[in-house]
Amino acid sequence: MANIVTSFCCVVLAAVVVVYAQRRSQQGARIQYEKIGSDVTMQCGSLDNDASVTWKVNGTDVKARRREEGPRLILMEVNMSSNGLYSCFQNPDGQRRDQINLRVGLPPKEPQVTCRSNTYPKGFYCSWHLQHPTYIPTDFEVDVQHNQRPLEVTRDEVHKNRCHVKFPELFTSFPYRVNVTAVNSLGRASSAISFEESSIGTVELSDSTSHTITDAYAGKEYIIQLAAKDMEIGTWSDWSVAVHATPWMEEPKPITSTTESDIIPGMHELPTVRTLLSYSL
């Protein structure tokens, strides 16, 4: 039993040492970002064009479709499996000359931006997200203007894709313009929205745990989110996960009255449209 425990401890220790060594190696490597589907060229340090080198990825032979030209390794049509720590060794002594941490991803597309106010008339906040992942680190630049003047933007400490803005004045007719730019090593893309203070609306809820929207359109999809606050004490909660709902159309009911004879043969009664959309808290 003691031998089994000792062997297990040795295996765990060996795994920890390997992980530690890999992290130490990656810390000294330079990062190279490339686009999915492109051909990627990696240069082994500053070696001359006639230098002979051997390439490894994560300590093993490179098996991806490739071409080698002197100190350069060219990977063909890279994908997510191409990610890794590439090391080059000069022949014939086998001395390591360079390390490259290859990160494959995509340039960002236009972010989706939404602005709401749960502290009106004090201020509002905006949130944003990308509809498609980039697979590499992506930052966001936020610019908010009112009457062509930039406003102070406070980034949320908890939610990285959210910012808060104070209303500079009330009852203004000048629109607010919010521009969010997604930026990474492969590109950048921007989205902008504009709104006026007069367009901000509120929904008054009773103490019940449900609410009915009476002006919904049948067949139109609605996105519903909720935020809660305990009797005006404390702070507002985060918005709930978005729920998609569509008002429905009832099936036609069978006609049982004498008006049945007024219907033209071959015609059917139109279905009744329900325009009430209900949801529960």
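Quick note, the sequence shown lines up with residues -21 to -1, 1 to 260 if you use mature numbering (1 follows the signal peptide of the UniProt record, and there is no 0). Each residue gets a CB set at the ideal place from its N, CA and C atoms; glycine is no exception. The structure presented is a predicted model; accordingly, all values stated were derived computationally and were not measured.
Check	Outcome
Three or more C-beta pairs below 8 Å linking the segment 11 to 31 and the segment 46 to 59	yes
Cβ neighbours of residue 164 in the same chain (closer than 6 Å, five flanking residues each side left out)	12
Three CB pairs or more closer than 8 Å across the segment 26 to 44 and the segment 67 to 75	yes
Inter-residue Cα distance where the pair is residue 125 and residue 218	25 Å
Host beta strand (DSSP E) of residue 173 (start-end)	166 to 174
Alpha-carbon spacing of residue 131 relative to residue 139, whole angstroms	17 Å
Exposure label - residue 79; buried when at least 16 CB within 10 Å	buried
Three-state class that DSSP yields for residue 59 in the structure shown	helix
At least three beta-carbon pairs within less than 8 Å, the segment 92 to 112 to the segment 157 to 172	yes
Cβ pair count under 8 Å reaching 3, the segment 106 to 123 against the segment 133 to 150	yes
Cβ shell of residue 116 (< 7 Å), same chain only, five flanking positions each side left out	163
Extent of the continuous beta strand (DSSP E) to which residue 221 belongs	Residue 221 -> no beta strand (DSSP E), and no H or E assigned at all.
Residue 25 - DSSP class collapsed to helix/strand/coil	coil
Spatial neighbours of residue 155 in its chain, beta-carbon cut-off 6 Å, leaving aside the 5 residues before and after	125, 174
Span of the beta strand (DSSP E) around residue 44	That residue, residue 44, is in no beta strand (DSSP E); it is neither H nor E in DSSP.
DSSP-derived helix/strand/coil call for residue 177	helix
Rounded straight-line distance, which links the Cα of residue 98 to that of residue 206	11 Å
Chain-order list of residues whose beta-carbon lies under 8 Å from that of residue 212 (same chain, five-residue window excluded)	The pLDDT assigned to residue 212 is 48, lower than 50, so where the model puts this residue is not dependable; a value taken from the coordinates is nonetheless given after this. Cβ neighbours of residue 212 beyond the five flanking positions: none.
Status (buried if at least 16 other CB within 10 Å, exposed otherwise) for residue 36	buried
Candidates 172, 86, 202, 100, of which the one nearest residue 148 by Cα	100
Environment of residue 34 [buried if 16+ CB atoms lie within 10 Å]	buried
First through last residue of the beta strand (DSSP E) which encompasses residue 268	Residue coverage of the chain in this structure runs from -21 to 260, which leaves residue 268 outside it and unanswerable.
Selected residue, minimal CA-CA separation from residue 178, among 150, 196, 189, 204	150
Where residue 222 falls, given that 16 or more other Cβ within 10 Å makes a residue buried	exposed
Residues near residue 3 by beta carbon distance below 8 Å, same chain, minus five either side	Note that residue 3 has pLDDT 47, beneath the 50 cutoff, so the model's placement of it is unreliable and no number is given.
Whether residue 114 touches residue 84 by CB criterion (7 Å)	yes
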